[in-house]
Amino acid sequence: MKGFDVGVVLESLPFLLRGALVTIQVSVLGLLLATLIAVPVAFGRLSRWRVLRAVTFLYLDVVRGTPLLLQLFAIFYVPPLLGLDLSPFASGVLALGLNGGAYAAEILRGGIQALPRGQVESGRALGMSALQCARRIVLPQAFVNVLPALANEAAALVKASSLVSVLALIELTRVGFQIVSRVLRPTEIYVAVGGLYLLMNALVGSAAGLAQRRLGAYR
Numbered sequence: 005m006k007g008f009d010v011g012v013v014l015e016s017l018p019f020l021l022r023g024a025l026v027t028i029q030v031s032v033l034g035l036l037l038a039t040l041i042a043v044p045v046a047f048g049r050l051s052r053w054r055v056l057r058a059v060t061f062l063y064l065d066v067v068r069g070t071p072l073l074l075q076l077f078a079i080f081y082v083p084p085l086l087g088l089d090l091s092p093f094a095s096g097v098l099a100l101g102l103n104g105g106a107y108a109a110e111i112l113r114g115g116i117q118a119l120p121r122g123q124v125e126s127g128r129a130l131g132m133s134a135l136q137c138a139r140r141i142v143l144p145q146a147f148v149n150v151l152p153a154l155a156n157e158a159a160a161l162v163k164a165s166s167l168v169s170v171l172a173l174i175e176l177t178r179v180g181f182q183i184v185s186r187v188l189r190p191t192e193i194y195v196a197v198g199g200l201y202l203l204m205n206a207l208v209g210s211a212a213g214l215a216q217r218r219l220g221a222y223r
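This is the structure we're talking about:
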């Protein structure tokens, strides 16, 4: 058997890069959705309203207590029974957003609880509304404090995006499967796929580091 064939990787690279572009799109949209979910859920868990706390706790319990793969299947196959068809791309984004949002919400909740309560009280004394306090005082500091943990969650979401391949979405992992079935060189192709995932997560880490430096004024 031949050794590692770099030529196979070079020939397959254009196809892998197209798959990686889909992975980036799914991951970025999933991260945006997760952020939009995490903020209200984190505040919901800290709310004085018992019903709101119960609803957010149920969401967190269900999402964190079931596998992402099962959530993908549920989001893809259940809506058609209700007359709503979601594409594999939309299903993947929704599943990643709902899943990542649950974990990010708990991370953010911890960051909010770690802040001195006197800061919020000072803001209210200056005439700020609860929403203004959250937007101008609480969230900027909480995000800075938990940014490393959120970056780890973002990296985990990028890797988890490979599961969307089970919905027949032509992203990086599925492209790798297709190429392997054609060229029969799994080692070279999977090394290339792994390298692209490493590169994407290195970019996530760099973006998180840049954000932390920019937001350092809120510490």
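Heads up: the sequence shown begins at 5 in my numbering, then just goes up one per residue.
Beta carbons: idealized from backbone N, C-alpha and C, even for Gly.
May I ask you to report which of helix, strand or coil DSSP gives residue i?
i      : result
Phe8   : coil
Pro71  : coil
Pro211 : One point to set straight first is that residue 211 is Ala, not Pro, in the sequence displayed. In the structure shown, Ala211 sits in a helix (DSSP, three-state: H, G or I).
Arg3   : Nothing about residue 3 can be read from this structure; the chain reaches only from 5 to 223.
Asp65  : helix
Gly87  : coil
Can you tell which of the options has the C-alpha that lies nearest to the C-alpha of residue i?
i      : options                        : result
Leu14  : Gln145, Ala196, Arg218, Gly209 : Ala196
Arg113 : Ala46, Trp53, Leu33, Val187    : Ala46
Leu20  : Ala212, Asp89, Ala211, Tyr201  : Tyr201
Gly96  : Met132, Leu188, Leu33, Gly7    : Leu33
Leu50  : Pro18, Gly115, Val148, Val170  : Gly115
Leu73  : Leu203, Ala164, Ile28, Val55   : Ala164
Val168 : Phe147, Val82, Phe77           : Phe77
Val80  : Val170, Gln136, Ser166         : Note that residue 80 is Phe in the sequence shown here, rather than Val. Answer by Cα proximity: Val170.
Val12  : Ile193, Leu207, Arg218         : Ile193
Ala109 : Phe8, Leu143, Gly7             : Leu143
If I measure Cβ to Cβ from residue i and keep anything under 8 Å in the same chain, skipping five residues before and after, which residues do I get?
i      : result
Gln75  : Val67, Ala99, Leu102, Asn103
Gly23  : Ile174, Glu175, Leu176, Thr177, Arg178, Val179, Gly180
Pro190 : Val184
Leu36  : Gly101
Val162 : Thr27, Ser31, Tyr201, Met204, Asn205, Val208
Ala138 : Phe47
Arg52  : none
Got a sec? Which residues, its chain only, sit under 7 Å from residue i by beta carbon, not counting five neighbours each side?
i      : result
Phe111 : The sequence shown places Ile at residue 111, rather than the Phe named in the question. Cβ neighbours of Ile111 beyond the five flanking positions: Val150, Ala153, Leu154, Glu157.
Tyr63  : Val45, Ala106
Might you give, ordered along the chain, the residues of its own chain that have their beta carbon closer than 6 Å to the beta carbon of residue i, omitting 5 neighbours on each side?
i      : result
Tyr107 : Glu157
Ala172 : Pro92
Thr60  : Val45, Gly48, Arg49
Asp65  : none
Leu90  : Pro83
Subject >> Sequence ranges, beta strand (DSSP E) only - wholly within the segment 94-143, length at least 3 >> reply: none
Subject >> In chain order, each alpha helix (DSSP H) run of at least 4 residues that lies wholly inside the segment 170-218 >> reply: 176-187, 190-218
Original post:
Going along the chain, which unbroken runs of the beta strand (DSSP E) with 3 or more residues stay wholly within the segment 11-44?
Top reply: none
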